[in-house]
Every structure is written in structure tokens, then in C-alpha cells.
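Worksheet: the structure to be examined is printed underneath.
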Amino acid sequence: PDLDPVNVQALPAEQSKDFSQQVKQNARLRQQAKLQAPRPFFPISGQLRALPGVPSPFFQQQVAALPQIPQQQQQQPQQVPAETYGPPEQEEEQPQQQPEQEETPGTTVQPLDNDDDAAAEDEYEDDAGRTVVAISNGFSGQYYILSPDNTLQRVVYSATQTDEDRLVNGFSAQLKYAPVEPIRGPVYTYNEQGQLCACLTKFHGKTMEPAPQKKGLSDEERLKLAAQLDKDLDAFINSLEKKRYTEGWPEDRWEEEMAKHPFFMNRSPEPGEELSPLMEGLQQLKYDPLENTEQELADTYKEDGKFYMQHRKFRMAVLSYTEALRYKVGDAEYKAILYNNRSAANYLLKNYRTSLQDAQKALQLKPDYDKARWRAAQCALALDRFELCIELCDAFLQTNPTDASAIELRKVCVARKQKQQRDERKAAQKVREREAQLQRTCDELRKRAVKFEEPDALTDEQKLRPRLAPLEDFMVSADTDGVLHWPAVFCYPEFHTTDFQQQLSEDTRMDQVLDLLFEEPLECDRQRTYQTSTVAVYYENRILGKAYPVNVTKTIQQIVAEKTFMVFQGTLTFYVVVKGSSHEDSFLNQTRIPLKREF
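Numbering (the UniProt record's numbering), first residue to last: 1 to 599.
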């Protein structure tokens with residue numbers, strides 16, 4: 001209870017059970033506190049650590065710079081664990097005689113039996129700016145703790161009054177927390193060794209330094225300050241987020257919004273386009289069935305169709321006339337006009353079949369409707385229905401015999417009809433000739449007993465047509481003399497290239513074909529080894545899986561007539577290699593899998 005609040009030593013709670021031992025312990029602690037150098041406490045992260053003594057001149061610095069601590073006054077920090085409200089328990093030490101220390105304003109060491117405690121007082125400031133006097137034998141006091149959340153707390157302690165209180169409480173001092181206001185005095189920063197690092201405010205003894213008196217500004221300084229304040233205010237206003245203009249049309253889209261307004265819009269809305277609320281309201285008034293009769297709605301859609309036709313919005317016009325036809329109003333002539341108008345819109349969209357149907361419906365409702373008849377004639381000509389076009393033109397000329405457009409349309413129709421008939425006759429003639437040629441070719445193939453890999457090749461024209469792109473338009477054919485002309489392929493295994501003969505006459509000998517092929521040397525034959533006399537020609541039988549040599553002195557007809565020669569996909573295939581070369585051996589010795597066991 002008699003401990004100096006700056007040099008508090010924690011008492012173990014177990015010792016409080018034995019009153020006599022605690023009294024002796026308190027006496028020893030008091031004696032030790034007088035003899036040993038004072039150890040001030042400094043809060044770190046909400047805890048108190050025992051730190052070496054800090055000379056008080058450090059707290060009287062006028063600037064925040066780090067002062068130079070004399071070497072003789074620095075002490076090594078004591079490596080002790082952190083305690084919450086006091087220093088750790090330490091082993092009891094024997095009192096030692098300490099040398100007299102020079103008296104400082106912050107700490108004063110007095111003999112144990114000195115009664116003049118007023119000379120050893122240390123003065124501090126509380127949160128209200130009042131002076132707190134802490135003496136070596138004081139019974140109460142306070143100190144501050146800076147928590148990790150930067151909250152400053154005040155610890156108020158007071159000694160127990162009786163031994164019974166000590167026994168009940170089990171500790172030597174009562175510690176109380178109390179929140180305080182922001183620090184008004186100086187704030188000091190220490191490092192981990194307890195050395196002063198910085199002083200954030202100036203402090204002289206017990207009171208704060210009075211604020212310096214502001215000197216008045218001159219006129220020039222006042223004007224300069226006003227200009228600077230105006231500049232800062234403008235910069236601050238410009239840095240703020242600008243409030244957009246929300247009343248009326250946006251400034252950046254006012255032209256677009258004006259174009260949506262019914263009074264200023266220069267185009268009609270597209271199908272599916274989102275309409276402005278004002279436009280929707282006007283449309284509801286215009287097309288609302290509760291506000292208009294069916295006849296009025298039909299007239300409205302009819303006028304809309306006329307408007308769209310004038311502005312070449314033909315699809316919108318078709319939709320408008322279609323909506324008008326939905327209402328069962330008006331007489332036959334009224335509906336005939338709607339059908340004719342929709343026919344005109346479809347005609348301009350090149351929907352000729354639909355346009356012809358609408359025109360014919362208009363003629364059914366109004367037989368003397370010349371506009372609908374004229375539209376129907378135009379559609380019939382566009383659809384190549386010449387008989388109907390001539391009939392409609394004749395009917396139109398009966399009421400309008402001098403109409404030049406109708407006369408010209410009929411002439412064009414007659415000419416195109418004659419041309420169509422002529423083309424049909426030519427096409428029919430070509431079909432007959434092609435069928436006759438195909439029949440003649442098949443007869444010659446049967447006469448020569450040509451063998452095909454496809455069993456139904458002579459009955460299916462597609463099986464006789466070559467599949468290779470350069471030959472697909474040159475199917476085997478027989479001329480009027482009965483001579484067959486074959487599409488043929490000559491392959492060069494050494495170079496992996498081919499030559500094509502689109503119409504190879506069967507009367508031509510193989511050596512003549514080779515002379516024609518090698519008349520110009522092959523691009524890949526740099527050594528000019530491919531000559532008629534130096535090459536060998538083979539063909540393959542895929543059914544037997546074998547290669548057979550070709551006698552170059554034979555004609556194509558004789559080669560095709562051989563028992564082992566077979567035609568695949570209507571094409572003759574031959575392989576050309578140099579005699580006695582490795583490529584010939586490789587070609588002959590390659591593995592071939594037969595498609596069938598026997599021919």
C-alpha cells in the first residue's frame with residue numbers, strides 16, 4: 001500500500017493469505033524501492049512493461065527532434081515478460097547500497113527514514129489539466145494506458161485500508177479503468193528500449209506553452225489570401241462530382257430525345273422499337289378500341305398504310321392494311337381497295353405470289369377494278385405465268401384499248417412466252433439426245449463386255465460418272481460411229497502426281513498416249529528419265545489385289561478388253577514408273593488386299 005505509483009511492484013496473490021508474511025514482504029519492498037533506482041512504466045499495446053529510468057530532461061525538449069542521451073545515463077533494458085497492469089514477479093533481492101544520484105525534476109531518491117517527502121514529489125498532469133502529486137509513500141494516484149485501438153485509458157489506483165480488505169481482495173492495490181478526453185499535454189514516443197524518440201508537443205514544466213498571438217494582415221496579404229481562398233474553393237468545387245441535369249431532356253442526348261417526340265420526330269417508329277411514353281399515349285388514343293369504332297379503326301389503319309406507302313415503308317404498309325382488313329366493316333368496294341393497296345405494297349417488296357393473290361381477291365370483290373387487274377397482270381408476268389398475263393392484259397385492253405403500258409406489257413409477255421417455249425423444246429431435245437447417247441454407250445459397253453467393279457454400273461448412270469473433279473463432266477460416251485471415249489488417269493508413284501485425259505479414244509495405242517504425255521517433260525522429272533521407251537505401264541485389279549503390266553503397243557480398247565482389267569467409277573486408271581527402278585520394285589511389291597477371293 002505504501003508503494004510509489006511510478007515504481008509499483010506487483011504482489012503475488014498467494015502471499016496475501018499469510019498476513020504476517022505479507023507485512024514483512026511489504027517492508028522489504030518499501031526498503032528496496034528506496035534503495036534501487038526508480039523504474040518508470042510505459043504502456044505498449046495496452047500493457048505495461050518495466051523499462052529503465054529515463055532522465056527527466058528529455059521531457060523538457062522544445063522540439064520534436066530526438067535528443068542525444070548521455071552515454072552514462074543509458075541503461076540496458078531489462079528483458080522481462082509483459083504484464084497487464086504491472087511488472088512481472090521478480091526474485092527477492094538483497095538491499096544494496098546505491099550511490100547518491102544527482103537530483104532531477106522527474107525522479108528523486110530519498111532515504112527510507114526521511115520524513116520530508118515534499119521535496120521528493122513528482123508532478124504530473126491529469127486529463128483536466130490539474131496537477132497530480134505522486135509521492136513515494138502515496139496511497140492513491142493514476143496513470144494512462146494507450147490501447148491498440150488508439151484509445152487512451154486512465155488507471156486509478158488506491159491502497160486498501162485494512163488488512164481484512166487485503167485478505168479479501170488478494171492484491172495490494174485496487175486498479176480502476178476510466179475513459180478520458182483527448183490528451184491535452186505533450187505526447188512522447190519511445191522505442192522498444194524505452195528511449196525517447198519524438199516529442200509531438202512543446203511542454204514547459206507543468207503547463208502548456210501559450211499560443212502565439214496572430215499578427216494582423218496587411219491589405220496586400222489580405223487580398224492575396226482572398227485570391228488563394230477563391231482559387232482553393234474553385235478547385236474544390238471542380239473536384240466534386242457534378243450533379244447531372246435531371247429535369248427534362250439530358251444535355252448530351254437532347255437531339256435524340258427531341259426526335260422521339262411526336263411533334264418533332266422525322267421518321268416513323270420501326271417494328272419492335274421502344275416508343276416514348278408520349279407516343280404510346282397518342283397511339284392508345286388513336287388505336288384504342290374503347291375510344292374508337294371498328295370503322296374508325298379501319299380508316300385509321302388505312303391512312304397509316306397510305307402514309308407508309310408515301311414514305312416507302314412498304315412492310316409497315318402491309319401490316320397496316322392487314323390490321324384494317326381484320327375489322328368486318330365497309331362494303332365490298334372498301335375491302336377491294338384494301339386488298340389492292342396491300343397487293344401494291346407486296347409487289348414493291350417483290351412478294352409477287354402474295355401480291356397476285358391479293359389482286360385476284362380484289363377482282364373477286366370488284367370485277368371492274370382495273371387497278372387490281374393491272375397489278376395482277378404485272379405479278380403474272382413476274383411469275384412467268386404468261387397465259388394468265390395475256391388473259392389479264394386482254395381484259396384490261398377491252399376497257400382501256402389505247403393504254404400503251406398494257407399493250408407493251410402484252411408484247412413482252414408474248415415474246416417471253418415464245419422464248420420459253422423455244423427453250424423448253426431445246427431442253428427436251430438435249431434430254432432426248434443425252435438419253436440416246438447414254439443408251440448407245442451402254443450398248444457398246446455390253447457389246448465389248450467391259451467389266452466394272454460396280455455390278456449395276458450399266459443400269460445406274462451415277463456409277464458411270466467419274467468422281468474426280470477434272471473428269472466429273474466427262475463420262476464415258478460413244479459417238480455416232482460407236483467409238484468409246486474414256487476418261488483416264490495416269491499416276492506417277494515416284495512423284496505422287498497424276499495426269500488426266502478427259503476423252504481418250506479407245507482406238508489410240510498406249511505408246512501414242514505416252515508420247516503425248518511426255519511431249520513436254522514432267523515438271524518434277526529433272527533428269528528426264530520418263531520417256532516412252534524407258535517407262536513401264538501397269539494397272540491394278542482391286543478384286544484380285546494384283547498389278548498387271550500393260551503392252552504399250554495395244555490400243556485402249558484391247559487393254560480394257562483384257563480379262564483382268566476392271567473399270568472403277570467409270571474411269572481408266574494406269575500407273576507409270578521407270579523400268580528397272582526401285583520405284584517399280586516398290587510398286588510391284590507393295591501389299592494389296594483383294595476385295596474378293598476370286599474374280
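Note that CB positions come from ideal geometry on N, CA and C, so glycine has one too.
Just so you know, these numbers come straight off a predicted model, no measurement behind them.
Residues Pro521 of the same chain have their beta carbon placed closer than 6 Å to that of Arg528, with the five preceding and five following residues left out of the count. Around the CB of Pro487, 16 or more other CB atoms lie within 10 Å, so the residue is classed as buried.
The Cβ atoms of Thr564 and Asn541 lie closer than 9 Å to each other.
Unbroken alpha helix (DSSP H) runs of no fewer than 4 residues, entirely contained in the stretch 369-416, are found at 370-382 and 386-399, following chain order. Scanning the stretch 288-332 from its first residue to its last, the whole alpha helix (DSSP H) runs of 4-plus residues come out as 294-310 and 314-325. Approximately 28 Å separates the beta-carbon atoms of Gln531 and Pro466; this is outside 8 Å, ruling out the contact.
Judged by pairs of C-beta atoms under 8 Å, the stretch 535-552 touches the stretch 573-580, as three or more such pairs exist. Annotation: Ser533 is outside any beta strand (DSSP E) and is labelled neither H nor E by DSSP. Distance from the CA atom of Phe495 to the CA atom of Cys524, rounded to whole angstroms, is 7 Å. Two segments are said to touch when three or more pairs of C-beta atoms, one from each, lie closer than 8 Å; by this definition the stretch 422-437 does not touch the stretch 445-465.
Taking every protein chain shown into account, the CB of Val560 has 16 or more other CB atoms within 10 angstroms, so this residue is buried. Straight across, the Cα-Cα distance linking Leu383 with Asp288 is about 40 Å.
Taking 4 residues as the shortest admissible run, the stretch 521-577 contains the following complete alpha helix (DSSP H) segments, listed from N- to C-terminal end: 556-560. With contacts defined by Cβ atoms closer than 9 Å, Lys417 and Glu387 form a contacting pair. In summary, Asp304 is buried, with 16 or more beta-carbon neighbours lying within 10 Å of its beta-carbon over all protein chains present. When C-beta atoms of the stretch 368-380 are compared with those of the stretch 345-352, three or more pairs fall below 8 Å, so the two segments count as touching. The Cβ atoms of Ala344 and Leu365 do not sit closer than 9 Å to each other. Annotation: the continuous alpha helix (DSSP H) that includes Gln360 extends over Tyr352 to Leu365.
Beyond the five residues adjoining it in sequence on each side, Tyr548 comes within less than 7 Å, by CB distance, of Tyr538, Tyr539, Asn541 and Thr564 in the same chain, given in chain order. Within the same chain, Ala536, Val577 and Val578 come within 7 Å of Glu584 by CB-CB distance, once the 5 residues on both sides are set aside. Its chain contains Leu458 as the residues whose beta carbon lies nearer than 7 Å to that of Arg446, once the 5 sequence neighbours on both sides are disregarded; these appear in chain order. Judged by DSSP secondary structure, Phe236 falls within the alpha helix (DSSP H) whose first and last residues are Asp219 to Ser239. Phe490 and Lys430 have their alpha carbons spaced roughly 32 Å apart.
Here Ala298 is actually not in contact with Tyr308; their C-beta atoms are around 16 Å apart, not less than 8 Å. Just measuring C-alpha positions, the residue of Lys286, Arg267, Met265 and His261 sitting nearest Pro277 is His261. As the crow flies, the alpha-carbon of Arg373 is around 54 Å from that of Asp252. Per the C-alpha coordinates, the member of Ala336, Asp232, Ala404 and Val329 positioned closest to Glu294 is Val329.
Our two residues, Arg440 and Ala478, have alpha carbons roughly 6 Å apart in a direct line. Boundaries of the beta strand (DSSP E) around Ser505: Thr497 to Ser505. Rounded to the nearest angstrom, the gap between the Cα atoms of Thr402 and Leu275 is 50 Å. Leu290 and Lys302 have their C-alpha atoms roughly 19 Å apart. Residue pairing by DSSP puts Ala478 in a beta bridge opposite Leu484.
Proximity to Ala469 across Ser581, Lys306, Gln501 and Lys451 peaks at Gln501, based on C-alpha coordinates. In the DSSP assignment, Glu257 falls within the unbroken alpha helix (DSSP H) covering Trp254 to Lys260. Around the beta carbon of Met566, a 10 Å sphere encloses 16 or more other beta carbons of the protein chains shown; the residue is thus reported as buried. Cβ neighbours of Arg326 within its own chain (closer than 7 Å, five residues either side excluded): none.
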